[in-house]
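J.: Input: one structure, supplied below.
There are 2 protein chains.
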Amino acid sequence: MSQPEQVPARPTIKSVARHAQVSYQTVSNALNAPERLRPDTLTRVLRSVEELGYRPTQAARNLRLQTTRLIGFRSTRSDGQGVSSIESRFLYALTSAARDRGYGVILFAADGDEDEIAMFEDLVSRGAVDGFVLSGSHRHDPRTAWLAEREVPFVSFGRPWEKTSFDYSWLDVDGHAGTVAATEHLAANGHRRIGFIGWPEGSEVGDDRYAGYLAAAADLGLPTRGLTVRGLDGIGAGTQLAAGLLGKAHPPTAFVCVSDAMAVGAMHAIEHRGLAVGRDVAVIGFDDSPLATVVQPAMSSVRQPLESIARRCVDLLLDRIDDPRSAVLTSVVEPTVIARGSSNPTQPSPPDGA
Amino acid sequence: MSQPEQVPARPTIKSVARHAQVSYQTVSNALNAPERLRPDTLTRVLRSVEELGYRPTQAARNLRLQTTRLIGFRSTRSDGQGVSSIESRFLYALTSAARDRGYGVILFAADGDEDEIAMFEDLVSRGAVDGFVLSGSHRHDPRTAWLAEREVPFVSFGRPWEKTSFDYSWLDVDGHAGTVAATEHLAANGHRRIGFIGWPEGSEVGDDRYAGYLAAAADLGLPTRGLTVRGLDGIGAGTQLAAGLLGKAHPPTAFVCVSDAMAVGAMHAIEHRGLAVGRDVAVIGFDDSPLATVVQPAMSSVRQPLESIARRCVDLLLDRIDDPRSAVLTSVVEPTVIARGSSNPTQPSPPDGA
DNA sequence: GTGTTTCATATGAACGTTCAAATGGATAGA
DNA sequence: TCTATCCATTTGAACGTTCATATGAAACAC
Numbered sequence: 001m002s003q004p005e006q007v008p009a010r011p012t013i014k015s016v017a018r019h020a021q022v023s024y025q026t027v028s029n030a031l032n033a034p035e036r037l038r039p040d041t042l043t044r045v046l047r048s049v050e051e052l053g054y055r056p057t058q059a060a061r062n063l064r065l066q067t068t069r070l071i072g073f074r075s076t077r078s079d080g081q082g083v084s085s086i087e088s089r090f091l092y093a094l095t096s097a098a099r100d101r102g103y104g105v106i107l108f109a110a111d112g113d114e115d116e117i118a119m120f121e122d123l124v125s126r127g128a129v130d131g132f133v134l135s136g137s138h139r140h141d142p143r144t145a146w147l148a149e150r151e152v153p154f155v156s157f158g159r160p161w162e163k164t165s166f167d168y169s170w171l172d173v174d175g176h177a178g179t180v181a182a183t184e185h186l187a188a189n190g191h192r193r194i195g196f197i198g199w200p201e202g203s204e205v206g207d208d209r210y211a212g213y214l215a216a217a218a219d220l221g222l223p224t225r226g227l228t229v230r231g232l233d234g235i236g237a238g239t240q241l242a243a244g245l246l247g248k249a250h251p252p253t254a255f256v257c258v259s260d261a262m263a264v265g266a267m268h269a270i271e272h273r274g275l276a277v278g279r280d281v282a283v284i285g286f287d288d289s290p291l292a293t294v295v296q297p298a299m300s301s302v303r304q305p306l307e308s309i310a311r312r313c314v315d316l317l318l319d320r321i322d323d324p325r326s327a328v329l330t331s332v333v334e335p336t337v338i339a340r341g342s343s344n345p346t347q348p349s350p351p352d353g354a
Numbered sequence: 355m356s357q358p359e360q361v362p363a364r365p366t367i368k369s370v371a372r373h374a375q376v377s378y379q380t381v382s383n384a385l386n387a388p389e390r391l392r393p394d395t396l397t398r399v400l401r402s403v404e405e406l407g408y409r410p411t412q413a414a415r416n417l418r419l420q421t422t423r424l425i426g427f428r429s430t431r432s433d434g435q436g437v438s439s440i441e442s443r444f445l446y447a448l449t450s451a452a453r454d455r456g457y458g459v460i461l462f463a464a465d466g467d468e469d470e471i472a473m474f475e476d477l478v479s480r481g482a483v484d485g486f487v488l489s490g491s492h493r494h495d496p497r498t499a500w501l502a503e504r505e506v507p508f509v510s511f512g513r514p515w516e517k518t519s520f521d522y523s524w525l526d527v528d529g530h531a532g533t534v535a536a537t538e539h540l541a542a543n544g545h546r547r548i549g550f551i552g553w554p555e556g557s558e559v560g561d562d563r564y565a566g567y568l569a570a571a572a573d574l575g576l577p578t579r580g581l582t583v584r585g586l587d588g589i590g591a592g593t594q595l596a597a598g599l600l601g602k603a604h605p606p607t608a609f610v611c612v613s614d615a616m617a618v619g620a621m622h623a624i625e626h627r628g629l630a631v632g633r634d635v636a637v638i639g640f641d642d643s644p645l646a647t648v649v650q651p652a653m654s655s656v657r658q659p660l661e662s663i664a665r666r667c668v669d670l671l672l673d674r675i676d677d678p679r680s681a682v683l684t685s686v687v688e689p690t691v692i693a694r695g696s697s698n699p700t701q702p703s704p705p706d707g708a
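Protein sequences, first through last, are from chains A and B. Here the first sequence stands for residues 1 to 354, numbered as in the numbering used here. Here the second sequence stands for residues 355 to 708, numbered as in the numbering used here.
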């Protein structure tokens, strides 16, 4: 009654061979070593490939080549924690970059380090991935040791925060340079009293960004005494911390903030005092999350070049996959200031006044 | 000089067989059809499996079984658009759900529909995935037709917004029911004049949510005239729209908002008038994005049950993969109100007053 | 015209599985 | 004791590739 085959079966290398009147190994050569074929047979085979829409079956290549062309990456439960959204952007960039090199990204869900290692174990033992891109490095991170010990290729987006007995490739954003650039940006717009709203001491990333602010201020001869406050991340916290500074005798005229959420909070505090964000008091956030463009005026922020980081992560990882003895490379890339209304003295003018 | 092999090669079914003194096919049987083995050989084989840490190589299974146990999902460039972050949560849930059924999620980057279809083409022709989970359905969506035509298994998270000549399985969140619940929640807390802050007419999702508000208000006998405003998404827009309503002669005492960004904006407007969010004017957002918990007071929101949606997406997709003739199922799931400070008359009390 | 080289193409084998079918030893029935 | 039945295990084959090697025809030198 019903047709047995509506959709034609996917062509194999043999059906192409039959179509082109050659042996199937010749088709393989046409694709993998075209210089071996006589030009006329090459075009004939290639036309058959085209005509039948043939693409080598992934599973068969994988088996033969002992590779998967797949990169593992952890999907985090970002449940309510922060408005990072950095992950989403990085993931897109990573996937694009991998694809450009002929690789795919396979995602796995993991809750903590142990959970993630269990996933490593699973994927590696099944030979389901060629390597991993790690993110969210932190102190006492057991993941790198586990992978290094088993000689599983990996690259970390996020520097090691402590000495390890082994080396591995990593990339990171220079948070220090980011707050330096942010502070310089505000100073270039004429601000002398620049405040800092940060996270409590103890977080690797937060301390790094704080240090950058301090260094830039010292370099520029700007005061920092009584101009820095720190607290847990959040819009509400940012409002309170900024309000505290604004209520002082000599309030800052600009804020460098450790995160976009803090910066949005600072913007509220400024508006709450009847001041205009950008004109009266400048604000700059960090991460350039979607938050930055959803507020009014749009918020300046320090943007991590996730696209190029992702690309370099893939490059480094593939180097290691191709040759496990390849050199270990590490690099710190500088984020850039994205200037928007929240740090412009006047809305329409460009942000490069002296 | 250097050791030839630091890490032992991954065990294959044959090395297990040698270790357990059986043929390698018996090892396969032990794993896939244990009832065929005599109990003592079964335990012996299983112990060898355990001891060597053997796991069947994915590529070999894939080739033999003509399957990949991989689900394709598009990674979107959420660049600066909105604070959705829904995607991130869904992705985690999808990955978990897939894994529980023995599947992995492979990500691909695509910018628009055509780009995504090109990725379908690529992945399908290489036999790299067993099926797809779609998201972000919209009017004139060419993706479903493409997949349906080629009989590629797929499920859509997001209903079809127009009639199609073919059927497919989909799941969606009932935005209508969400705003109904939000409105009822506010009414239950004693509010009679409930405003609505929405998106401009024309967006499928926005109109659906607006209709829910209207229906609930009508049902409860509440006024809506002069209480609804609409504008493009954003915190700033929310502030302006809410300020407009609050400035009226008979302002609303509560806001149902089409998104969390709008709701955060409304909270600002309320505070700006010197009123207390929650006590004086209640606010409820939609999506329960990270934004909701990053503000002060924490914001009530309508939460999409992404975890169960992801699970059901996987279930439906695997049904179709297992049997392409399996029934087409569609279902609309109801989101739930997450009550927090922004809609509580008094901070510490539970949100169930009359 | 025979022997050697060269190049294009074909043959054989392997990657690690799973499934269908064959084998062989034990048990039961005559 | 011989054949039939059963069950545990083994044998054979296949999934679709790619790589190493063998073949054979044409081209060249002698």
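By construction, the Cβ of each residue, glycine as well, lies at the ideal position given by its N, Cα and C atoms. Just so you know, these numbers come straight off a predicted model, no measurement behind them.
1) As a quick exercise: from Phe90/A, Phe73/A, Thr144/A, His140/A, pick the residue whose alpha carbon is nearest that of Ala110/A.
2) Counting Cβ pairs, one atom from each stretch, are 3 or more of them under 8 Å apart for the stretch 478-497 of chain B and the stretch 57-69 of chain A?
3) Using only the alpha-carbon positions, how far apart do Pro358/B and Glu405/B sit?
4) With a floor of 3 residues, list each beta strand (DSSP E) that falls wholly inside the stretch 134-213 of chain A, ordered by position along the chain.
5) Please report whether the beta-carbon of Gln81/A lies at a distance below 9 Å from any beta-carbon of chain B.
6) Nearest chain A C-beta to Gly632/B closer than 9 Å, yes or no?
7) Within its chain, find whatever has a CB closer than 6 Å to the CB of Ala177/A; leave out the 5 residues flanking it on each side and keep chain order.
8) Just to make sure I have the definition right: I need the residues of chain B whose C-beta is within less than 8 Å of the C-beta of Thr57/A. Which are they?
9) Between the beta-carbon of Ala617/B and the beta-carbon of Gly639/B, is there less than 9 Å?
10) Leaving out five residues before and five after Gly588/B in sequence, what residues of the same chain have Cβ atoms less than 8 Å from its Cβ?
11) Restricting to Cα atoms, I'd like to know which of Ala572/B, Asp526/B, Leu581/B is closest to Val559/B.
12) Check whether chain A comes within 9 Å of Leu595/B, counting only Cβ atoms and requiring the distance to be less than that.
13) Go ahead and pull the three-state DSSP assignment for Arg74/A.
14) Tell me which residues share the same chain as Val534/B and place their Cβ nearer than 7 Å to its Cβ, disregarding the 5 neighbours each side in the sequence.
15) Hey, is Val281/A's beta-carbon within less than 9 Å of any beta-carbon in chain B?
16) Under the three-state reduction of DSSP, which class applies to Arg453/B: helix, strand or coil?
17) Given that a residue counts as buried once 16 or more other Cβ atoms are within 10 Å of its Cβ, and exposed if not, what is Ala20/A?
18) Flag Ser15/A as yes if its beta-carbon sits less than 9 Å from any beta-carbon of chain B, otherwise no.
19) Taking only beta carbons into account, state which residues of the stretch 636-650 of chain B come closer than 7 Å to chain A, listed in chain order.
20) Against chain A, with Cβ distances strictly below 9 Å, would Ile663/B count as a contact?
21) Who are the Cβ neighbours of Asp521/B in its own chain at under 6 Å, not counting the five residues just before and after it?
22) Where Glu661/B and Ala384/B are concerned, what is the direct C-alpha to C-alpha distance, given to the nearest angstrom?
23) Hey, quick one: how far does the alpha helix (DSSP H) through Glu64/A stretch, first residue to last?
24) What are the boundary residues of the beta strand (DSSP E) that Leu364/A is part of?
25) Nearest chain A C-beta to Arg453/B closer than 9 Å, yes or no?
26) Smallest Cα separation from Pro160/A: which of Thr12/A, Leu318/A, Ser137/A?
27) Using DSSP bridges, identify the partner residues of Ala636/B.
28) Could you tell me the alpha carbon to alpha carbon distance between Ser680/B and Ser523/B, rounded to whole angstroms?
29) Which word fits Thr164/A, buried or exposed, when buried means at least 16 other C-beta atoms lie within 10 angstroms of its C-beta?
30) Between Arg273/A and chain B, is the shortest Cβ-Cβ distance under 9 Å, so that the two count as touching?
31) For Lys14/A, which of helix, strand or coil comes out of DSSP?
32) Tell me, please, whether the CB atom of Gln420/B is closer than 9 Å to any CB atom in chain A?
33) Under three-state DSSP, which class holds Val583/B?
34) May I ask which residues mark the beginning and end of the alpha helix (DSSP H) holding Arg320/A?
35) What does the Cβ neighbour count give for Val635/B, buried or exposed, with the cut at 16 atoms within 10 Å?
36) Helix, strand or coil, according to DSSP, for Pro348/A in the structure here?
T.: Once the coordinates are examined:
1) Phe73/A
2) yes
3) Reliability fails at Pro358/B, whose pLDDT of 42 lies under 50, so the model's placement of it is uncertain and the value that follows must be treated cautiously. Cα to Cα, Pro358/B sits roughly 23 Å from Glu405/B.
4) 154-157, 170-173, 194-198
5) Model confidence at Gln81/A stands at a pLDDT of 47, short of 50, so the residue's coordinates are unreliable and nothing is read from them.
6) no
7) Glu334
8) Leu417, Arg480, Gly481
9) yes
10) Contacts found: Ala615, Met616, Gly619.
11) Cα-wise, what sits closest to Val559/B is Asp526/B.
12) no
13) strand
14) Gly566, Ala569, Ala570
15) With its beta carbon at least 9 Å from every one in chain B, Val281/A lies outside the interface.
16) If DSSP states are grouped into helix, strand and coil, Arg453/B belongs with the helices.
17) buried
18) With 9 Å as the cut-off, Ser15/A does not count as an interface residue toward chain B.
19) The residues in question are Pro644, Leu645, Thr647, Val648, Val649, Gln650.
20) no
21) Val682
22) 35 Å
23) Strictly speaking, residue 64/A in this sequence is Arg, with Glu absent from that position. 58-65 is the span of the alpha helix (DSSP H), which, as asked, contains Arg64/A.
24) What the structure shows of chain A is the stretch from 1 to 354, and residue 364/A is not part of that stretch, so it cannot be assessed.
25) By this cut-off, Arg453/B is an interface position.
26) Ser137/A
27) Ala636/B is bridged to Ala608/B.
28) 10 Å
29) Counting Cβ neighbours within 10 Å, Thr164/A comes out exposed, since fewer than 16 surround it.
30) no
31) helix
32) yes
33) strand
34) 306-322
35) buried
36) Reliability of the predicted coordinates at Pro348/A is poor, the pLDDT of 39 falling under 50, and the value obtained from them is presented with this limitation in mind. Three-state result, Pro348/A: coil.
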